[in-house]
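Quick notes on the structure that follows.
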Amino acid sequence: MAARKYLVEVEQAKEAKDGRPSVGPVYRSAFAKDGFPPPIPGMDSCWDVFRISVEKYPNNPMLGRREIVDGKPGKYVWQTYKQIYDLVIKVGNSIRSCGVELGGKCGIYGANCAEWIISMEACNAHGLYCVPLYDTLGAGAVEYIICHAEVSTAFVEEKKIRELLKTFPKSAQYMKTIVSFGKVAPEQREEIEKFGLAVYSWEEFLKLGENKQYDLPEKKKSDICTIMYTSGTTGDPKGVLISNESIVTLIAGVKRLFESVNEQLSSKDVYLSYLPLAHIFDRVIEELFISHGASIGFWRGDVKLLIEDIGELKPTIFCAVPRVLDRIHSGLTQKISSGGFLKQKLFNLAYSYKLNCMKKGRSHDEASPLCDKIVFDKVKQGLGGNVRLILSGAAPLALHVEAFLRVVSCAHVLQGYGLTETCAGTFVSLPNEMAMLGTVGPPVPNVDVCLESVPEMNYDALSSTPRGEVCVRGSTVFSGYYKREDLTKEVLIDGWFHTGDIGEWQPDGSLKIIDRKKNIFKLSQGEYVAVENLENIFGLCSAVDSIWVYGNSFESFLVAVVNPNKQVLENWAEENGFNGDFKSICKNPKAKEFVVGELTKTAKENKLKGFEFIKAVHLDAEPFDIERDLLTPTYKKKRPQLLKYYQEIIDNMYKSASKPSA
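Written out as structure tokens, the structure is:
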């Protein structure tokens, strides 16, 4: 195996034997060649992360929100680490006075805000499981999580109380206390109390624990600090058990990584909190900022006002999912194209010149200071003027968007990869390495990684271009799925977590994600789609004989190739006055609209989520067959071959289908 610049080999490759596939060499980051970074002294739990920063930086601004003056947003108003600490102690005492003991479960439901963090830290202080509740997993997910995790106390954003009430009476068997981040409407109070639950406004709850003092229990690294539910496969959400050790290990690893590339965080850094705290990506980023005594400002909750919030807060680090960066890219390209011939010409010249300089190895700030000053400074100011690092995660970032932002943002643009089960940050690309465009970079220096061959998909971890399932080992790996030992055993084998993603090692040691082992993929907004399950449901539609559903991580919606039912389609054509044979009816745009309508009805009847609906179809009069290599001898769909065969049609469907508004 060729040496790879950013990796060190710690174990040799293993040939296939005993029915197990071959495994490539075990690698770790070159920044961990002398061993993984040791734990930060005294930092054994998430509570220690916060406690140590309060001791070091008591007067630093910690959490901020925009002040609303006469109905208009003003400046950010801040609470210090010490002020937040005092509130956390009060909330913790109040939780304990409700009878919640070590290991109890507290749900948190709502948009990012100071109260979210305060509730989370109170859980950390008293060794309680923090269980984020969120409704993007589909109708019934909040009810399922409360009942499955046996949540006894729920902290809820004021406007989400209505949604929480929809989970009654089932969830009321487990919940004893509801705490609003704001007030409680009288009719809602009445409804909640009718089910025998106690309900408090935020101010009432803070007073509940007054004059009561509870000792903070001793917390171990192995203790679970959060159960984060994820929609990785079909069926119910899975509760991912994340320990204190996973989070403190990740912090130590990311700290080592940033120091190794001269981009270390400090107490002066500022972060905009808008990605959901209910997801692992934002949760660990905020823990990382807290560990440095840095400042976290919250957005107002409206994506249309995001750029305005950025302008006011002036963050130094900006984390995003590809959809946000796509929106920024579209906005900028639109402005450029409407700016007149001379402005366009100047921009294009500056862009090409700086991109070439960066490809030759110059850092982004040295590639063309003149172009930065004259042309790209407006982009920089649009992001507040202080952003030095843009980190993209949750789904792949399109290559052209990544390249564009690396040039025009005057900041490092890094792409990361990780799962809830690996505590988010597992790989991240490195600053000023243009060869890493389109990859997720090398591993973070706290994990071991190997590729395992997948013979049935022709992926060989021992070939000259190693490809295989990405497997991760280390302390950041989750402790199992809550109450699902069967599912845990499927993915945790001999200490290795099998991600289900197919990776390809690049010559420099960065990793490119190229496929998914099972027929499950992510859409651009980060939602997982279990394609076989959908095809089974859409197969119930009378207009469909066979269907192949397709989507990918660069698109936000699904398309499909359908073998329509001949009789149904010909009856529809006759009723609507369309003549011609079956093949010509299949080409009729109105026939496609009809089939999409029928599929939509089926989706609604089966309570599918919005992102699982089919937005465009191609009707093929010729059934999928073995002759064209589209089916196996046992009539299973050959997905890579289907994609290859219909690639042009798929591309045209995505181009012509009007994308759903963000």
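The opening residue of the sequence shown carries number 1 in the UniProt record's numbering; numbering runs sequentially from there. Each residue gets a CB set at the ideal place from its N, CA and C atoms; glycine is no exception.
- Look at the beta carbons and you see the stretch 431 to 451 touching the stretch 21 to 37: at least three pairs across the two are nearer than 8 Å.
- Nearest to E263 by C-alpha distance, out of D326, V387, A278, is V387.
- In the DSSP assignment, the residues bridged to P443 are F427.
- Given a length threshold of 4 residues, each whole run of the alpha helix (DSSP H) inside the stretch 200 to 269 is given here in chain order: 202 to 208, 244 to 260.
- Burial check for V303: the Cβ neighbour count within 10 Å stays below 16, so the residue is exposed.
- With a cutoff of 8 Å on beta-carbon distance, N60 and S266 are scored as not near each other.
- Closest in alpha carbon position to G551, among P640, C98, K489, Y76, is P640.
- The residue among Y129, A125, Y85 with its C-alpha nearest the C-alpha of K105 is Y129.
- In this structure, the straight-line span from the alpha carbon of N244 to that of D70 is close to 43 Å.
- Contact between I285 and C46 does not hold, since the beta-carbon distance rounds to 14 Å and is not under 8 Å.
- If you ignore the 5 residues before and after T167, its C-beta comes within less than 7 Å of the C-beta of V142, E143, I146, all in its own chain and listed in chain order.
- The closest CA to that of N571, considering only V595, S553, V549, is found on V595.
- Judged by their CB atoms, S119 and I290 are not nearer to each other than the 8 Å cut-off.
- Going by DSSP, P186 is part of the alpha helix (DSSP H) stretching over 186 to 194.
- Within the same chain, and ignoring the five residues on either side of V254 in sequence, the residues whose Cβ sits closer than 7 Å to its Cβ are L288, G425, V444.
- In this model, V151 and S260 are separated by some 41 Å (Cα to Cα).
- Looking at the backbone, the Cα of K183 and that of F155 are separated by about 12 Å.
- A straight-line Cα-Cα distance of about 17 Å links R283 and D269.
- According to the DSSP secondary-structure assignment, P73 is paired through a beta bridge with I68.
- Ranked by how close their Cα comes to the Cα of I224, the residues S479, Q415, A573, Y57 have S479 in first place.
- As far as DSSP is concerned, D651 takes part in no beta bridge.
- Taking C-alpha positions only, E11 is separated from L462 by approximately 14 Å.
- Taken atom to atom, the span from the alpha-carbon of T499 to that of E210 is near 47 Å.
- Contact between the stretch 559 to 579 and the stretch 588 to 607 is present: three or more C-beta pairs spanning the two stretches fall below 8 Å.
- Three or more beta-carbon pairs separated by less than 8 Å are not found between the stretch 646 to 656 and the stretch 595 to 612, which leaves the two stretches without contact.
- Inter-residue distance for A125 and S295 is about 20 Å (C-alpha atoms, whole angstroms).
- Fewer than three beta-carbon pairs drawn from the stretch 498 to 515 and the stretch 365 to 381 are found closer than 8 Å, and the two stretches are therefore not classed as touching.
- The alpha-carbon of V8 is positioned some 19 Å away from that of A435.
- Nearest to Y81 by C-alpha distance, out of Y57, A403, L102, is Y57.
- In the DSSP assignment, K592 forms no beta bridge with any residue.
- For the stretch 268 to 331, the full-length alpha helix (DSSP H) segments reaching 4 residues or more read 280 to 291, 306 to 313 along the chain.
- DSSP places Y528 within a strand segment (E or B) once states are collapsed to three.
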